[in-house]
Amino acid sequence: MSQNREKEHIGKAFARVWRSNPLFSTGMALLVLVVLQTISMGFDYASFGEWFSRFLSNWLNILLNNSYVGMIALGMTFVIISGGIDLAVGSTLVAVGAAVMVLVNEQATGVLAGMGITGVPAVLIAVVIGLLLGLLLGELNGVTITKGRVPPFIVTLGTMKIFRSVTQYFMQSQPGITLPDGFKQIARAVRAPVLNSMLLPIFYWLLLAAVLHVVSKHTAFGRYVYAVGSNERTTRLSGINVDRVKRRVYALMGLIVAMASVVQIARIGSMDYASAGSGYEMDAIAAVVIGGTSMSGGRGSIVGTLLGTLIIAVMNNLLTLVGVDPFLREAFKGAIVVAAVLMQRKESSN
Amino acid sequence: MPNAAYKLEMRGICKQFDHNVVLKGVDFCLKPGEIHALIGENGAGKSTLMNILGGVLRADAGEIVLDGQPVHFAGPADSLRAGIAFIHQELNLVNDLAIYENMFIGRELRKGWKLDAAEMCRRSREVFERIGLDIDPRRMVRDLDASYKQIVEIARALLQEARIIIMDEPTTSLTEVEIARVFDMMRTLSAQGVSIVFISHKLKEVLSVCHCYTVLRDGQMVAHGETRGATTEQLAYHMVGHDVRVEKLQVEKRLGAPVLEAKDVSCEPWFRRISFCVRAGEILGFTGLLGDGRSELFQALFGALGRYEGAVELEGKPVRIANTTRALELGIGYVPRNRKENGIVRDLSILENGSLVTLDRFQRGPLLDHGAIRRAFDVQRRDLHIKMGDESDLITSLSGGNQQKVVLAKWLTAGPKVLIFDNPTQGVDVGAKEEIYDIILRLAQQGVAIVILSSEAQEIIRLCDRALVMYHGAIAGELDYTQMDETVMMHMATSGEPAAQ
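And the structure:
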């Protein structure tokens, strides 16, 4: 009898946590995927050590491959919570990447090399200028949105086209580019001892998540972002400079994209201006939405986005391990986005 | 024991949202053909109780007995099937469809593959006839006035064979004539044996149209009985739990230096050449009809309109208020009208709503000092007697009056020199209203300059030391508190001329 009651008690507590913490179900979904993924790796190994190193290298690969989109999704979380959207992230990535590469190019045609600046100073200058450029392009979006009163979707749809096309125009006549080793170290310096896998991009991503989590919960700016997304009028009538909050959100987005860009070219060593970063905006938005952030603004979290990014990543990995045709993988991604929103809808109506 | 004389019995209904207990074992009974008033302050639990009856919410405990049979409603559709129709305050009609289309929306009649408009019109007319209404069902809902829309909703309920109709404050947006029309309709239905639950704040209406009343206070039934022989004072007493004050609240005081002074301020098309001055400790009223420009005037002076012409002085120094941030820096506060759209942020907690204005003053380095924010809000919570569950609950878990107090709290933490109240007691019940008046008087005593915008004459008369009456964007005249009188003010507000005395 009392055991029954206890069972009921646990059931109720579980239901309460499920309802009160929107991330709970997201976390559970991720857990299920991770279990499936682990099982599908198989257990046919010579030793535990072999299995473990396989397990570890698989995870490092997942994290490494998703670090750029993961970073961009973090910035996108702020944008979407503020009630906006940024479609220009992929093109901003290319624009910043091109600028950094032209600056840091080792050959005589490189801008900094031509000025006689090489080594550490050249890398530092190129990175700083790249980050500033990202900030500036984001700010450009923000200013157009707030001053021009144009919807973010339209503004960033426009700049998405502009940034990439202008970059491609300028880069078509650029001779070959060689990146100095010092620059590549940004992504490649620290490696996992056993598998020789790069660790820094993962580290940047997780560090950024931690910082942005604190910003979203524990700074005035972070709270204003939520307030603006939930009720812009009330926020303005509370003496808050709504336009400045929005401009900062897009500038921050630009800055984060610039970081992702620097890390990506440092890792890969080159960039295809026509295709790099394309589709990142949709991948980032998908991660944000799966993480429980409301597309209408006002609700969401950085932790949720982190989980959302991992859900997509682990699912992709699972599909590869199981041997699903690559052409079909995008369909799974699409289905999971819709399923996540359906589930959140159900929860909030409870 | 179920009593056959009752159409409906609700027994021991309990309901709790988060930490907020809204209903504590409420009983509510309804006889056939009875018009039953359900009254109480905001937050007393009226809407929650009726939402349970309408199947929108589920009770935590208690039973509902309909025609002697216990029933359970899993959703609004269940309740409707049992013959209970809920007519909400915001009407549920599609403006761009004809009346008959609205009557049959979701349950359209068909003849073969196409809609049977003729039959739907005929059946609509049948219902209209039953309630003595002469109106063409082919007319567009858009062209109807508010009372006919209300009546179309009632007719739709009858078409669905409702035997109990719940009407949530049906008269708030109606004129006198329209109200009379809806009341006639209610009496006709009652004669036909339909029971009506009438939720209202207007006690005079309750006495004129209802047979009996039930009063809720703090989630409990505190009084019920027949309206015959009852007085509005009695009802108000039950609602508030103490006598309602009508006395003037002004006190003799020495006013301080001028705080906010406007000289020939204009902003077309809303208002032009407005000059006034409000002093420290003074309560200055602005009144007039709807659309007289007073709201826009003070939005402009708060920087929310973004533009105005003319000169503004704050404490004798000329200032330019370009945006709301500047207004806040200067010490101007603004408690807006329409709390839902302008006052609260619904995705944020009580605490965050209550500290939104001053958030950037509570920083330690780059981070917020949550402890200090909580302490500052706790002071306001105690001073303003905010009734709430946990401070991390959403603002929407509070009643209207308490939400308004949280909006007040966010401005009081900022310590403004001048505080503008636009319709401060809109949608707030009698008890909370008096509390808000007390708060305003206390602020004035502390030397804050107060501006009150209200179209409620009694509010201006009871509270303000001085009142300006506006008419079509200009000031029609000025009254000090000895001259204030409802008819004089109404005359100025409707004619634009100072009253001949």
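Going line by line, the protein sequences match chains R and G.
Using numbering that gives the first Met the number 0, the first residue of the first sequence is number 0, and each one after it goes up by one.
Using numbering that gives the first Met the number 0, the first residue of the second sequence is number 0, and each one after it goes up by one.
Just so it is clear, CB atoms sit at the ideal spot from N, CA and C, and this is done for glycine as well.
Predicted, not measured: the structure shown is a model, and the values here were computed from it.
Spatial neighbours of residue i within its chain, please: C-beta separation below 8 Å, excluding the five flanking residues on both sides.
i, result
"A154/G", "M102, S123, V126, F127, I130 and L132"
"M0/G", "Summary for M0/G: the model assigns pLDDT 39, below 50, so the residue's position carries little reliability; its value from the coordinates is reported in the next sentence. Here the set comprises nothing."
"L236/R", "none"
"G268/R", "L178 and K183"
"A179/G", "none"
Between residue i and the rest of its own chain, which residues show a CB-CB distance below 6 Å, the 5 nearest in sequence each way excluded?
i, result
"D368/G", "F361"
"Q167/R", "Y272"
"A257/R", "V95, G129, L130 and G133"
"V126/R", "V261"
"G82/R", "G228 and G296"
"E260/G", "C276 and E312"
"I63/G", "M9 and V70"
With distances taken Cα to Cα, identify the nearest neighbour of residue i among the options.
i, options, result
"G278/R", "A45/R, D324/R, G89/R and T76/R", "G89/R"
"E329/R", "L341/R, V340/R, M342/R and N315/R", "N315/R"
"V262/R", "A186/R, V103/R and L62/R", "A186/R"
"Q343/R", "S215/R, G10/R, L22/R and I9/R", "L22/R"
"L309/R", "S172/R, A257/R and T25/R", "T25/R"
"D346/G", "I267/R, S293/R, L111/R and F152/R", "S293/R"
"G221/R", "P200/R, L251/R and L178/R", "L251/R"
"T324/G", "E433/G, A145/G and T357/G", "T357/G"
"Q425/G", "P415/G, V406/G, K416/G and V417/G", "V406/G"
"E225/G", "L215/G, H210/G and G218/G", "H210/G"
"P445/G", "A326/G, R278/G, V55/G and N322/G", "The sequence shown places Gln at residue 445/G, not Pro. Nearest C-alpha to Q445/G: R278/G."
"M465/G", "E477/G, A456/G, H471/G and E458/G", "The identity of residue 465/G in the sequence shown is Arg, whereas the question assumes Met. Out of E477/G, A456/G, H471/G and E458/G, E477/G has the C-alpha closest to the C-alpha of R465/G."
"E485/G", "A475/G, D382/G, I459/G and T231/G", "I459/G"
"M387/G", "T481/G, A179/G and N401/G", "N401/G"
"H223/G", "A229/G, D217/G, E232/G and T213/G", "T213/G"
"E152/G", "E175/G, T174/G and M185/G", "M185/G"
"T37/R", "L317/R, E280/R and F331/R", "L317/R"
Say whether chain C places a C-beta atom closer than 9 Å to the C-beta of residue i.
i, result
"G228/R", "The displayed structure is made up of protein chains R and G, and chain C is not among them."
Closer than 8 Å to a non-hydrogen atom of the ligand ATP - does that hold for the CB of residue i?
i, result
"G44/G", "Summarising the ligand content, the structure contains no ligands, and the ligand ATP is consequently not present."
Within the same chain, show all residues whose beta-carbon is closer than 7 Å to that of residue i, passing over the 5 residues directly before and after it, in chain order.
i, result
"G333/R", "none"
"A208/R", "L73, I301 and L305"
"A259/R", "Y67, M70, I71 and L92"
"G303/R", "L22, T25, G290, G291 and T292"
Given a limit of 7 Å on CB to CB distance, which residues of the stretch 325-337 of chain G reach chain R? A326, L327, Y333 and P335
With three or more C-beta pairs closer than 8 Å as the rule, is the stretch 447-455 of chain G touching the stretch 279-293 of chain G? yes
Members of the stretch 232-248 of chain R that neighbour chain G once the beta carbon cut-off is set at 9 Å: R232, T233, T234, R235, L236, S237, G238, I239, N240, V241, D242 and R243
Give the residues from the stretch 445-458 of chain G that approach chain R closer than 9 Å (Cβ to any Cβ), ordered along the chain. none
Count the CB pairs spanning the stretch 344-353 of chain G and the stretch 425-439 of chain G that are closer than 8 Å, and state whether there are at least three. no
With a threshold of 8 Å, are at least 3 pairs of Cβ atoms found where one atom belongs to the stretch 67-76 of chain R and the other to the stretch 138-156 of chain R? no
Sequence ranges, beta strand (DSSP E) only - wholly within the stretch 239-293 of chain G, length at least 3: 257-266, 270-278 and 282-287
Which residues, in order along the stretch 302-319 of chain G, keep a beta-carbon less than 9 Å from a beta-carbon of chain R? G302 and A303
Between the stretch 83-90 of chain G and the stretch 166-181 of chain G, do three or more beta carbon pairs fall short of 8 Å? yes
Taking only runs of the alpha helix (DSSP H) that begin and end inside the stretch 121-196 of chain R, which ones reach a length of at least 4 residues, in chain order? 151-170 and 180-187
Going along the stretch 203-224 of chain R in order, which residues come within less than 8 Å of chain G, judged by CB to CB distance? V213, H217, T218, A219, R222 and Y223
Report the residues of the stretch 298-329 of chain R with a CB closer than 8 Å to any CB of chain G, ordered along the chain. R298
Alpha helix (DSSP H) runs wholly inside the stretch 278-342 of chain R, at least 4 long, in chain order: 279-289 and 301-321
Touch test, the stretch 298-318 of chain G against the stretch 188-198 of chain R, Cβ-Cβ under 8 Å, three pairs minimum: no
Note down, in chain order, all residues in the stretch 334-365 of chain G with a beta-carbon under 7 Å from any beta-carbon belonging to chain R. P335, E340, N341, G342, I343, V344, R345, D346, L347, E351, L355, V356, L358, D359, Q362 and P365
Three-pair Cβ contact test at 8 Å for the stretch 184-194 of chain G versus the stretch 33-40 of chain G: yes
Cβ-based contacts, 9 Å cut-off: residues of the stretch 379-402 of chain G near chain R: none
Measuring CB atoms only, is the stretch 174-182 of chain R touching the stretch 104-111 of chain R, in the sense that at least three cross pairs come out at less than 8 Å? yes
Looking at C-beta atoms only, is the number of pairs between the stretch 39-48 of chain G and the stretch 67-84 of chain G that lie closer than 8 Å three or more? no
Which runs of the beta strand (DSSP E) fall wholly inside the stretch 42-74 of chain G and span at least 3 residues, in chain order? 60-65 and 68-70
Any alpha helix (DSSP H) of 4 or more consecutive residues that is wholly inside the stretch 210-277 of chain R: 219-229, 231-236 and 241-267
Count Cβ pairs between the stretch 265-279 of chain G and the stretch 293-301 of chain G that sit closer than 8 Å; are there 3 or more? yes
Restricting to runs no shorter than 4 residues, where is the alpha helix (DSSP H) found entirely within the stretch 70-154 of chain G? 75-80, 98-102 and 116-129
Examine the Cβ distances between the stretch 10-19 of chain G and the stretch 388-405 of chain G and report whether three or more of them are shorter than 8 Å. yes
Residues, ordered as in the chain, of the stretch 17-49 of chain G that lie near chain R by beta-carbon distance below 7 Å: none
Segment contact, 8 Å Cβ cut-off, at least three pairs: the stretch 216-231 of chain R with the stretch 241-249 of chain R: yes
Can you give me, in chain order, the residues of the stretch 402-414 of chain G that have a beta carbon less than 7 Å from any beta carbon in chain R? K409
With a floor of 4 residues, list each alpha helix (DSSP H) that falls wholly inside the stretch 53-127 of chain R, ordered by position along the chain. 66-80, 88-103 and 110-113
Unbroken stretches of the beta strand (DSSP E), 3 residues or longer, contained in the stretch 408-446 of chain G: 417-421
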